[in-house]
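Participant: The structure under discussion is supplied below as structure tokens; questions concerning it will follow.
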Amino acid sequence: MITANTSVVYHLAAIVSSHAEDDFDLGWKVNLDLTRQLLEACRRQPQKIRFVFSSSLAVYGGTLPECVTDTTALTPRSSYGAQKAACELLVNDYTRKGYVDGLALRLPTICVRPGKPNRALLLLSARLFVNRCRARRPSARCRKVCGCGFPARRR
858 MITANTSVVY HLAAIVSSHA EDDFDLGWKV NLDLTRQLLE ACRRQPQKIR
908 FVFSSSLAVY GGTLPECVTD TTALTPRSSY GAQKAACELL VNDYTRKGYV
958 DGLALRLPTI CVRPGKPNRA LLLLSARLFV NRCRARRPSA RCRKVCGCGF
1008 PARRR
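This is how it looks when you write it as structure tokens:
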């Protein structure tokens, strides 16, 4: 519940990519309409709330360029990507109007809890992550963090 005591909202809820493709109406209802309802709840508060929206690399569609910046064009190729892009525009507009202090994080993947398999690769990613954590073994080492002219970070 968003109240006068709320300072930050982390909006992580969504219908994942394959489900948003399979159920078009539910995808828009949950991914876009819920985001607008949360933004409106924040707007009604007396203080400006920090609104952190979990977006997705799906807003870019296809293959990413070597360097992605704030000006890289959004060209979603799925309902899910279009929904996330539309939500980013909402967050930007509410921020521009001064209703919230908004931020969108374009996450590469989301790990979901183990459960009924679906077509999403992220379920496999989640299982691999959980299995690694349970075994207390490190996952594959990261060799390059960003190809945008920043120094690569070695572990």
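Counting with the working numbering, you get residues 858 to 1012 for the letters of the sequence shown.
Every residue, glycine too, gets a C-beta built ideally from N, C-alpha and C.
Because the structure is a prediction, the values reported are computed rather than measured.
By a C-beta neighbour count over all protein chains shown, 10 Å radius and 16 as the cutoff for buried, is Asn862 buried or exposed?
Facilitator: Exposed.
Participant: Per DSSP, which one or two residues make a beta bridge with Tyr867?
Facilitator: Beta-bridge pairing links Tyr867 to Val909.
Participant: Comparing alpha-carbon positions, which option in Asp882, Gly955 and Lys905 lies nearest Val866?
Facilitator: When only C-alpha atoms are compared, the closest one is Lys905.
Participant: Do His876 and Phe910 come within 7 Å of each other at the CB atom, strictly closer than that value?
Facilitator: Taking 7 Å as the Cβ cut-off, Phe910 and His876 do not qualify as a contacting pair.
Participant: With DSSP run on the structure shown, which of helix, strand or coil describes Asp950?
Facilitator: Helix.
Participant: Can you give the beta carbon distance from Asn949 to Gly938, rounded, assuming they're within the 8 Å contact cut?
Facilitator: Not quite, the Cβ-Cβ distance comes to about 16 Å (not below 8 Å), so this is no contact.
Participant: Tell me which same chain residues have a C-beta within less than 7 Å of the C-beta of Trp885, skipping the five on either side of it?
Facilitator: These residues qualify, in order along the chain: Gln940.
Participant: When you compare only the Cα positions, how much space is there between Ile1099 and Asp879?
Facilitator: The structure shown does not extend to residue 1099, since the chain spans only 858 to 1012, so no value can be given for it.
Participant: So if DSSP puts Val957 in a beta bridge, which residue, or which two residues, is it bridged to?
Facilitator: In the DSSP output, where bridge partners are listed per residue, Val957 has Ile906.
Participant: In whole angstroms, give me the CA-to-CA distance for Phe908 and Leu896.
Facilitator: Rounded to whole angstroms, Phe908 to Leu896 spans 8 Å at the Cα level.
Participant: Looking only at its chain, what residues have a beta carbon closer than 8 Å to the beta carbon of Gly919, apart from the 5 residues adjacent to it on each side?
Facilitator: For Gly919, where only same-chain residues beyond five positions count, the Cβ hits under 8 Å are Thr932 and Arg934.
Participant: Whole angstroms is fine: what's the gap from Val957's alpha carbon to Ala942's?
Facilitator: Taking the straight line from one Cα to the other gives about 18 Å.
Participant: Quick check: what's the CA-CA separation for Ala1048 versus Asn888?
Facilitator: With the chain covering only 858 through 1012, there is no way to say anything about residue 1048.
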